[in-house]
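S.K.: The C-terminal residue of the sequence shown carries number 315 in my numbering, and the numbering is unbroken.
Beta carbons are placed, not taken as given, at the ideal position from N, Cα and C, and that holds for glycine.
Only a predicted model underlies this, so the values are computations on that prediction, with no experimental measurement involved.
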Amino acid sequence: MLWPSCLPIIVCLRTIHETESDLTSKWLKLTRFRFFVIIISLAFIYHWLPLYMMPVLAFFSWMCMMNTKSIVLSQLTGGGGLGWGTLQFDWSQITAQFGSAIITPRWAQCNIFIGYVLVIWIILPILYYSNLWHFKTYPIVLQNFFNLHPNATYHSDTYHFSVTFIIGYWFYLASFVSLIVHTILYRGHDIIRYASTSLKKRQNDIHCTLMSKYLEAPDWIYGIVFSCAFVCACFVCHFGGLMPWYYLLLCVSMSFFILLPTGIVVAETNIRMDVIYLCATIGSMLIYNRITSVKHTTTIATFIGYTYAIQYQALFLLSNLKLGLSYSKII
């Protein structure tokens, strides 16, 4: 697995600590460190301008400026709409969802772009302007829900959502189902083979062969850390009234189950699949009817937090192990 997120860190460390000068940079009369300082300064200016000096550069819809009174044009091209043809220069917003486009493989970017065109340019406008399920009654892009009926009565059990929320949630859940099926069909044989040989035959990978002469951290250390963290979490959830402690077993099981499929995606595409909505869906179905209405919101939030944190920290540990052992050979 490549783990593209490790590559910029390796380049940065080599730029700072490399002693040999690159022949291609001699015409600039710059050392590696001076070149690094110049790039950092330019990056600071590039980030500073959209945030403080010219906020219009962060998100500029030039199509809306052509006709400011058109509601349809505002819905399709505006910042509160689908954002067709908008110009965005704020790098923090560009990389907020899928990470840096520089290190993401081109085939993954093309996959995202094709999906974006099909959903944002074709499916959403058709569903919205055909007024399916009265979607035109609500804004085209909104994450909130509505529970007021036309007669101005409030119904706590009936909710209405915007078209983007429903379609986004549907594709989100469908992506996890397809991810699990894809992992089983295309990776199942490799997973079984590596699981059976990784402990006995360490020569199946050149990096394992090179690092096999060094002592590894014993497995019991990881077991002690996990046991202590799990016991502390049980005490906090039980005595703090946040969540029944036995739900932590489900949090660990869910995180372990989705770690391998999501880890493969991150390692190959540099795209992290957010598990918050999946945890919210499963947690709501299991917890909502078993706990009083006063505490169910806190319980579901705690369930989401623990499941997301376990899965995120596991991926972070795997990324660091790949960086330190495979790429940098740090022991």
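How would you label Y263, buried or exposed, when you count the other beta carbons within 10 angstroms and need 16 or more for buried?
M.R.: First, the residue type needs correcting, since residue 263 is Cys and not Tyr in the sequence shown. Counting Cβ neighbours within 10 Å, C263 comes out buried, since at least 16 surround it.
S.K.: Would P(-12) pass as a contact of I87 if the rule is Cβ separation under 8 Å?
M.R.: In this structure, I87 lies closer than 8 Å to P(-12) by Cβ.
S.K.: From this set, F17, I190 and A285, which residue's C-alpha is nearest C(-4)'s C-alpha?
M.R.: It is F17.
S.K.: Where A316 and L299 are concerned, what is the direct C-alpha to C-alpha distance, given to the nearest angstrom?
M.R.: Only positions -15 to 315 of the chain appear in the structure, and residue 316 is not among them; the question remains open.
S.K.: Runs of 4 residues minimum, wholly inside the stretch 10 to 54: which ones carry the alpha helix (DSSP H) assignment?
M.R.: Listed in chain order, they are 16 to 32 and 46 to 50.
S.K.: Buried or exposed: where does T276 fall if 16 or more other Cβ atoms within 10 Å of its Cβ makes it buried?
M.R.: Model confidence at T276 stands at a pLDDT of 45, short of 50, so the residue's coordinates are unreliable; what they give is reported in the following sentence. Burial call: exposed.
S.K.: Can you confirm whether the stretch 69 to 79 touches the stretch 42 to 58 when touching is taken to mean that 3 or more C-beta pairs between the two stretches lie within less than 8 Å?
M.R.: Contact between the stretch 42 to 58 and the stretch 69 to 79 is present, because at least three Cβ pairs lie under 8 Å.
S.K.: Report yes if the CB atom of N254 is closer than 8 Å to the CB atom of G83, and no otherwise.
M.R.: Cβ distance < 8 Å, so N254 and G83 count as in contact.
S.K.: Which whole-angstrom value is the C-beta distance of T246 and M257, which I expect to be below 8 Å?
M.R.: Contact flag correct, Cβ pair sits at about 5 Å.
S.K.: Just reading off the alpha helix (DSSP H) that N304 is part of, what are its end residues?
M.R.: Taken as a continuous stretch (DSSP letters only), the alpha helix (DSSP H) holding N304 covers H280 to L305.
S.K.: Check for me: the alpha helix (DSSP H) holding L163 runs from which residue to which?
M.R.: V147 to T181 is the span of the alpha helix (DSSP H), which, as asked, contains L163.
S.K.: Considering only the alpha carbon of each residue, which of P109, T15 and L(-14) lies closest to R(-2)?
M.R.: Answer by Cα proximity: T15.
S.K.: Taking only the alpha-carbon atoms, compute the straight-line gap between I104 and Y113 and give it to the nearest angstrom.
M.R.: Looking at the two C-alpha atoms, the distance is approximately 13 Å.
S.K.: What is the DSSP secondary structure of L66, reduced to helix, strand or coil?
M.R.: Three-state DSSP puts L66 in coil, outside helix and strand.
S.K.: Comparing C-alpha positions only, which one of R90, M49 and L194 sits nearest to Y311?
M.R.: The shortest Cα separation from Y311 among R90, M49 and L194 belongs to L194.
S.K.: Return the CA-CA distance between T121 and G152, expressed in angstroms with no decimal places.
M.R.: About 18 Å.
S.K.: Alpha carbon to alpha carbon, how far is M49 from L66?
M.R.: Approximately 15 Å, taken between the alpha carbons.
S.K.: Determine the DSSP secondary structure at T276, reduced to helix, strand or coil.
M.R.: Legend: pLDDT at T276 = 45, less than 50; position of this residue unreliable, value from coordinates given subsequently. In the structure shown, T276 sits in coil (DSSP, three-state: anything other than H, G, I, E or B).
S.K.: Alpha carbon to alpha carbon, how far is F19 from A27? Give it in angstroms, no decimals.
M.R.: Cα to Cα, the separation comes out at about 12 Å.
S.K.: I'd like the list of long-range same chain contacts for S303, defined as Cβ closer than 7 Å, with 5 residues on each side in sequence excluded.
M.R.: These residues qualify, in order along the chain: W(-13), S(-11) and C(-10).
S.K.: In chain order, what residues of the same chain lie with their CB nearer than 7 Å to the CB of M227, ignoring the 5 residues before and after it?
M.R.: Cβ neighbours of M227 beyond the five flanking positions: C221, T283, T286 and F287.
S.K.: Assuming contact is defined by CB atoms lying nearer than 8 Å, are I107 and Q59 in contact in what I supplied?
M.R.: It is not a contact, given that the beta carbons lie outside the stated cut-off.
S.K.: Hey, would you say Y156 sits closer than 8 Å to Y261, going by beta carbons?
M.R.: Yes. Within cutoff.
S.K.: Keeping to the same chain, check which residues put their C-beta closer than 8 Å to that of V278; ignore five residues upstream and five downstream.
M.R.: In this predicted model, V278 has a pLDDT of only 47, less than 50, meaning its place in the structure is not dependable; the value taken from the coordinates is given anyway. Same-chain partners within the cutoff: there are none.
S.K.: In this structure, how does DSSP classify L102 when only helix, strand and coil are distinguished?
M.R.: In this structure, L102 counts as helix in the three-state DSSP scheme.
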